[in-house]
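FYI, in my numbering the residues of the sequence shown are 42 to 150.
Structure first, commentary second.
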Amino acid sequence: MNSNQILVSLSIVVALAATVVPDVMPYWPLALIALGLVNGVMNPLADAAMRMAYTVAAIAIPTLANGLDAIPVAGAYLNTVIDNFMVTVAGFVIANFILVLIDQVKGSE
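So, in structure tokens, the structure goes:
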């Protein structure tokens, strides 16, 4: 397994834990955003189209997941898991944005 697979798997586990036992640790969102930032720095996206797709996904998927609340019993949990995982994706997008800014400031050699 490469670092991207490990970090995404860990993000899914943390998102599930934040959904099932949210009161155990009040810093679940911090852990999720940190995982996204680390993943974004370790595995930057070189393609601008992929960066845009991740940005749109980080915004749109939580909005679409709100429709899952209509499902009795499990819908709220599914919505929360998706929302929590998208916090990690947002961290990934932020890290890639910062890396692009750094590359633009440095310029090409």
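Glycine included, each C-beta is placed from N, C-alpha and C at the ideal position.
Check your understanding: Going by other Cβ atoms of all chains shown within 10 Å of its Cβ, with 16 needed for buried, is N107 buried or exposed?
Key -> What you label residue 107 is simply residue 66 of the sequence shown in a count that begins at 1. So N107 ends up on the exposed side.
Point to revise | Option nearest L57 by Cα separation, candidates F138, F126 and Q145 | key: For the purposes of this step, residue 57 is taken as the residue at position 16 of the sequence shown. For L57, the nearest C-alpha among the options comes from F126.
Practice item. Report the option in G77, W69 and A59 whose CA atom is closest to the CA atom of I47. Key: The residue you call residue 47 lines up with position 6 of the sequence shown. Minimum Cα distance to I47 is reached at G77.
Exercise for review: Look up M91 in the DSSP assignment and say whether it is helix, strand or coil.
Suggested key: Working through the sequence shown from its first residue, we reach residue 91 at position 50. Of the three classes helix, strand and coil, the one that applies to M91 here is helix, per DSSP.
**Study point:** Range covered by the alpha helix (DSSP H) that runs through L109
**Key:** Residue 109 sits at position 68 when you count from the first residue of the sequence shown. Premise fails: L109 is in no alpha helix (DSSP H) and is neither H nor E.
Review point. Should N137 and G81 be called a contact, given that it needs their Cβ atoms to be closer than 8 Å?
Key: Translated into positions along the sequence shown, residue 137 becomes position 96. Translated into positions along the sequence shown, residue 81 becomes position 40. Yes, these two residues count as a Cβ contact at 8 Å.
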